[in-house]
Each structure stands twice: as structure tokens, then as C-alpha cells.
Amino acid sequence: MKYRSYIFSSKLAKVIFVLAIFELLVFLNPYNFFNPVRAVFLWTITPIQKITYNVVYKIYAVKDFFASVWKLKQENSRLIKENLELLSKNTKLSDMEKENIFLREQVNLLPREKYTLITSTIISRDPYNLENWVEIDKGEKDGVKKEMLVIVSNGILLGKVAETNYSTSKIILITNPESIINAMDIKTDAKGIIKGQYGLGLMLDMILPTETINVGDEVISSGLGSHVPRGLLIGKVQEVKMSQDKLFQQAIVVSPINFSNLRQLFIIKEFNR
Amino acid sequence: MKKKFLLFFLIILLVIVQGSGMAVFKHSPNLVLVGIIAATVIFGFANVLGWVIVAGIVCDLLFFYAIGVNVVILVFIAFGTSFFSKRFHMENRGLSILSMILLILISTVFFRIMSGLADSHYIFSQIPVFLKGIQYDIILNCTAFFIFFYFFRKIRAIFYFGEYKLKI
Chain A
0 MKYRSYIFSS KLAKVIFVLA IFELLVFLNP YNFFNPVRAV FLWTITPIQK ITYNVVYKIY
60 AVKDFFASVW KLKQENSRLI KENLELLSKN TKLSDMEKEN IFLREQVNLL PREKYTLITS
120 TIISRDPYNL ENWVEIDKGE KDGVKKEMLV IVSNGILLGK VAETNYSTSK IILITNPESI
180 INAMDIKTDA KGIIKGQYGL GLMLDMILPT ETINVGDEVI SSGLGSHVPR GLLIGKVQEV
240 KMSQDKLFQQ AIVVSPINFS NLRQLFIIKE FNR
Chain B
0 MKKKFLLFFL IILLVIVQGS GMAVFKHSPN LVLVGIIAAT VIFGFANVLG WVIVAGIVCD
60 LLFFYAIGVN VVILVFIAFG TSFFSKRFHM ENRGLSILSM ILLILISTVF FRIMSGLADS
120 HYIFSQIPVF LKGIQYDIIL NCTAFFIFFY FFRKIRAIFY FGEYKLKI
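So the protein lines, in turn, are chains A and B. If you read the first sequence in numbering that gives the first Met the number 0, its first letter stands for residue 0, the second for the next number, and so on. If you read the second sequence in numbering that gives the first Met the number 0, its first letter stands for residue 0, the second for the next number, and so on.
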């Protein structure tokens with residue numbers, strides 16, 4: 000009797016009991032058992048999250064500024080030189096703009112003004128630096144729905160809405176392996192699937208060996224699938240290789256987004272096909 | 000009761016700072032993890048178990064994990080810390096600093112692997128990816144641990160009126 004009471008009151012017994020209970024809860028969770036609790040909790044603490052994120056982001060920006068001061072002089076002379084080159088290019092581009100509008104209509108690329116966007120601010124992000132997800136301050140009350148696409152200001156694809164709560168939403172970034180988006184090479188039309196690789200970058204997978212894909216080509220969303228408009232920039236091809244089974248080509252794609260500098264992003268509420 | 004509310008609020012604040020503050024930086028200390036390790040060393044496993052569970056649930060809610068994942072990981076780490084600190088007398092000077100660093104190292108690696116696995120639906124081949132840049136996190140965690148450690152020691156001195164005996 001004494002031995003039994005010792006066992007049940009011991010530290011190890013407590014730990015086993017707690018672990019067993021919570022392991023059971025982990026198994027219950029796939030059925031979204033605790034989502035209402037999470038929604039209420041997130042709604043309650045959103046204001047504190049907003050303040051914390053803004054304050055720390057400002058500190059980060061100041062730190063970034065001081066870190067870059069010594070580079071400024073060098074950067075300045077480089078920019079002057081670049082500016083002169085751009086001036087000459089600009090003349091050519093204004094002519095090409097007209098051509099571009101015509102071509103976009105021909106290939107059915109989406110002009111930016113056809114999106115209906117919801118502006119949102121990041122309030123929290125993956126705490127373990129795997130660049131898997133961010134949390135934003137817009138939720139169901141603002142019209143955010145699951146699977147909606149998220150872009151940064153200049154039409155670059157960032158990810159999609161994975162979970163919505165009343166006032167917040169979880170966005171999985173394109174670097175998250177759970178994010179799979181149909182994509183294509185803008186120059187050669189080679190089609191594939193963009194997959195995330197845990198903060199290590201992106202991979203354009205399942206490209207047929209007969210298709211051509213070159214290093215430096217831009218990759219855009221192909222518009223296949225009901226939720227994805229065609230023409231959102233994903234990144235540039237850095238490396239092309241064959242898959243391990245030699246059945247498909249794979250391309251490492253680098254996104255132009257600096258994920259650690261993100262603050263504001265836009266959810267595509269509607270788009271015209 | 001007031002003390003309990005204050006502690007509950009502090010835990011929530013710590014988790015919020017972890018998710019909304021520290022995550023802005025490329026490498027950041029895991030405040031919840033080191034806070035729990037330091038609290039276990041100072042106050043003893045039995046005294047912190049309840050709060051470890053609370054912290055784990057708050058982490059699960061805030062970081063979109065299945066409820067229980069962080070609780071299991073943190074309780075396991077707290078138990079390991081208690082086991083470790085009892086045998087190596089971590090409150091005593093001398094070997095203590097080295098053993099604390101070793102403890103942080105093991106806990107950081109364990110935490111990264113376990114939370115990464117839970118996040119990736121247990122794809123074991125991804126473990127090397129979860130450990131990317133972990134050396135910086137270990138250094139930051141060690142620094143944060145010593146801050147927490149001395150802070151908790153002061154707190155104990157105030158609230159326990161000089162009672163220095165560990166309850167492990």
C-alpha cells in the first residue's frame with residue numbers, strides 16, 4: 000500500500016500522467032476540437048501582439064539602420080551610376096510599356112488593378128525561424144477566407160491563408176512545405192509545382208524533362224487551380240537539376256522577398272480571370 | 000491569488016514576446032524554454048510543473064500547434080532539467096556553469112527537433128533542416144538563461160524570505 004502511494008505521488012508518476020493526458024489531446028486536435036478556444040484567446044491578445052510586433056520591428060529597423068550606415072557611402076556612388084543607366088533604359092521602357100499592355104492581354108496575364116486587396120499587418124510569426132507562417136491582424140470579420148492568396152505590395156506571391164479566426168489569420172508562406180502552387184517559367188512556359196523547403200527556399204518540381212528551364216528565368220503562378228491568379232511573381236531560377244528518380248526536372252527558385260523584413264501584406268480577396 | 004494572476008500574465012507576455020517580438024530577428028533566444036529551465040533549477044520541478052503546463056498550452060494556442068505538443072516537450076525538458084540539476088548540484092558554483100551550458104545545449108537541440116517534427120507532421124528526414132543555425136540559438140539561449148537564472152534567484156530571495164533549499 001505504502002509502495003503504491005509512493006509510486007502515484009512520485010515525480011515520475013506525475014510526469015507520466017501529464018504526458019499521457021496531453022498526448023491524448025494532441026490526437027484529438029486534428030478534428031479542430033480546440034479551435035474555438037484558440038479563436039477566443041487570439042482575439043483577446045491581438046492588441047498586445049500588435050503593440051509588441053510594432054515596437055520590436057521599430058527596434059529592428061533602428062538596428063538595421065545603424066548596421067548599414069558604413070555601407071551608405073559606397074551604396075550612394077553605386078546608385079548614382081545605376082541611376083544614369085536607368086535613365087537611358089527608361090526611355091526604351093516607356094515604348095515597351097505599350098507593347099507590354101498588348102502582350103498581357105494576349106497571354107491573359109493579370110493587371111494589378113484587377114485585384115481586390117485586403118491590407119493587413121503581421122502581428123506574429125514562426126517563433127523558431129523556419130519561416131513557415133505569419134499571423135496577420137485580419138480575420139473572418141474582414142472577409143478573409145481559407146486558401147486566399149497573399150502578396151507583398153509589388154505583386155510578389157508570399158503565401159496563402161491557412162487558418163482563419165474572427166480577427167486574425169494564419170498565413171503559410173511559400174517556403175512552407177505544405178504550400179503547393181502551380182507555377183511556370185515566364186520565358187519558356189515550362190510548368191511545374193512550387194514547393195517550400197523549410198526556410199531554405201523554393202523548388203519548382205515536376206517539370207517534364209522535355210521542357211526547357213534556364214537559370215535566371217522568372218517564375219510566375221500559372222493560374223491553374225481556382226484560387227491562384229496567373230502572373231504573380233514567385234522568384235528567379237537559381238539552379239536546375241534532375242529529380243532523384245530522373246523522371247522530372249527540378250529548379251531551385253529564389254524569392255525576391257526578404258521574409259524577415261515583412262510587415263505589411265495584401266490578401267487577394269477577388270480577382271478577375 | 001494575486002501572485003498567481005501576475006505569474007499567468009507574465010507567462011502570456013513571455014510567449015507573446017517570443018512570437019511577436021523575438022521572431023522578427025533572424026536568430027533569437029527561446030525565452031519560454033530558458034525561462035522554464037531556469038525556473039525549474041531555482042524553484043524545483045514540483046513547484047513549476049503547473050506553470051510549465053500553462054506555458055505549453057499558451058504556446059500551443061499562439062503558435063498554431065496541436066494543443067499538447069508544447070506541453071509535452073516542455074514538461075519533458077523540465078523533468079530532465081530537474082533530474083540533471085539534482086545530480087549536478089547546479090546551484091553550486093564551480094562545475095555549475097559548464098553543466099548549465101550543457102543543459103541548455105541539449106534542451107535547445109531537443110526542443111528544435113521536437114517542435115520541428117510536430118510542425119512537419121513527423122517527417123524525420125527533415126531533422127537537419129530544423130537544426131539550421133542552431134549554434135546562434137544556443138549562444139543566445141545561454142545568455143538569456145543566465146539572465147533568467149539570476150532574476151529568479153532574486154525573486155526567490157524576496158518571496159521565499161531567504162529560504163534557499165531546493166525543492167526537487
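Where a beta carbon is used, it is the ideal one built from N, C-alpha and C, also for glycine.
Query	Result
Name, going along the chain, the residues of the segment 12-44 of chain B whose beta-carbon falls closer than 8 angstroms to a beta-carbon of chain A.	Leu12, Ile15, Val16, Gln17, Gly18, Ser19, Gly20, Met21, Ala22, Val23, Phe24, Lys25, His26, Ser27, Asn29 and Phe44
Measure from the C-beta of Leu165 (chain B) to each C-beta in chain A and report whether the shortest distance is under 9 angstroms.	Reliability of the predicted coordinates at Leu165 (chain B) is poor, the pLDDT of 44 falling under 50, and the value obtained from them is presented with this limitation in mind. Judged by the 9 angstroms Cβ criterion, Leu165 (chain B) is not in contact with chain A.
Looking at the secondary structure, which residues open and close the alpha helix (DSSP H) in which Ser95 (chain B) lies?	Ser95 to Asp118
Just grab the DSSP bridge partners of Trp132 (chain A) for me.	A:Ile171
By how many angstroms is the C-alpha of Asp184 (chain A) removed from the C-alpha of Met95 (chain A)?	21 angstroms
Are the C-beta of Glu162 (chain B) and some C-beta of chain A separated by less than 9 angstroms?	Because Glu162 (chain B) sits at a pLDDT of 47, beneath the cut-off of 50, its placement in the model cannot be relied upon, and the point is left open.
The segment 114-132 of chain B: which residues have C-beta closer than 9 angstroms to a C-beta of chain A, in chain order?	Ser114, Gly115, Ala117, Asp118, Ser119, His120, Ile122, Gln125, Val128, Phe129, Lys131 and Gly132
Between Ser168 (chain A) and the ligand SAH, is there a pair consisting of the residue's CB and a ligand heavy atom that are separated by less than 8 angstroms?	Here there are no bound small molecules, and the ligand SAH is not part of this structure.
Given a cut-off of 9 angstroms on the beta-carbon distance, is the pair Ile233 (chain A) and Ser220 (chain A) in contact?	yes
Give me the chain B residues within the contact set of Asn131 (chain A), using Cβ-Cβ distance strictly less than 8 angstroms, ordered along the chain.	Asp118
Would you call the segment 160-167 of chain A and the segment 124-140 of chain A in contact, with 3 or more CB pairs under 8 angstroms?	yes
Would you identify the three-state DSSP class for Tyr127 (chain A), choosing helix, strand or coil?	coil
Verify the CB distance criterion: does Ala65 (chain B) have a CB-CB separation below 9 angstroms to chain A?	yes
Decide if Ile266 (chain A) is buried, meaning its Cβ has at least 16 other Cβ atoms within 10 Å, or exposed.	buried
Report, in whole angstroms, the separation of the C-beta atoms of Pro26 (chain B) and Gly132 (chain B), which I expect to be a contact under 8 angstroms.	A small fix is needed here, since residue 26 (chain B) is His in this sequence, not Pro. Between Gly132 (chain B) and His26 (chain B) the Cβ distance is about 6 angstroms, and since that is below 8 angstroms, they are a contact.
Decide if the segment 251-270 of chain A is in contact with the segment 44-53 of chain B; the criterion is three or more beta carbon pairs, one per stretch, under 8 angstroms apart.	no
At a Cβ threshold of 9 angstroms, is Lys49 (chain A) touching chain B?	yes
Are the CB atoms of Ala143 (chain B) and Asn29 (chain B) nearer to each other than 9 angstroms?	yes
What residues of chain B sit near Ser168 (chain A), judged by a beta carbon separation below 9 angstroms?	Within chain B, no residue comes near Ser168 (chain A); the closest Cβ sits about 11 angstroms away, beyond 9 angstroms.
Taking all protein chains shown into account, decide if Tyr197 (chain A) is buried (16 or more other Cβ within 10 angstroms of its Cβ) or exposed.	buried
May I ask you to report which of helix, strand or coil DSSP gives Gly34 (chain B)?	helix
Tell me where the beta strand (DSSP E) around Asn140 (chain B) begins and ends.	Asn140 (chain B) -> not in any beta strand (DSSP E); alpha helix (DSSP H) instead, spanning Ile133 to Phe158.
Look up Asn34 (chain A) in the DSSP assignment and say whether it is helix, strand or coil.	helix
For Ala182 (chain A), which beta-bridge partners are listed by DSSP?	A:Gly191 and A:Ser220
Mind pulling the chain A residues with CB within less than 7 angstroms of Leu104 (chain B)?	Correct list: empty, because the minimum Cβ distance to chain A is about 16 angstroms.
Please specify which runs of the beta strand (DSSP E), each continuous and at least 3 residues long, are wholly inside the segment 209-272 of chain A, giving them in chain order.	217-220, 232-241, 248-253 and 263-270
Since Thr187 (chain A) contacts Thr209 (chain A) with CB under 8 angstroms, what's their CB separation in whole angstroms?	That pair is no contact at about 11 angstroms.
If we cut at 9 angstroms on Cβ distances, does Phe62 (chain B) have a partner in chain A?	yes
For Ala117 (chain B) and Ile66 (chain B), what's the separation of their Cα atoms in angstroms?	11 angstroms
How big is the Cα-Cα spacing for Leu36 (chain B) and Phe32 (chain A)?	Strictly speaking, residue 36 (chain B) in this sequence is Ile, with Leu absent from that position. Roughly 30 angstroms between the two C-alpha positions.
To be precise: take each residue of the segment 59-75 of chain A, compare its Cβ to all Cβ atoms of chain B, and keep it if any distance is under 8 angstroms. Which residues remain?	Tyr59
Indicate the three-state DSSP secondary structure (helix, strand or coil) for Leu207 (chain A) in the structure shown.	coil
Mind checking who Thr45 (chain A) pairs with in its DSSP beta bridge?	Thr45 (chain A) pairs with nothing; no bridge assigned.
Counting only beta-carbon atoms, is Phe147 (chain B) nearer than 9 angstroms to chain A?	no
Would a check of beta-carbon distances place Val68 (chain B) closer than 9 angstroms to chain A?	yes
Let me make sure I understand the geometry here. Which of B:Lys153, B:Phe158 and B:Phe145 has the alpha-carbon closest to that of Val33 (chain B)?	B:Phe145
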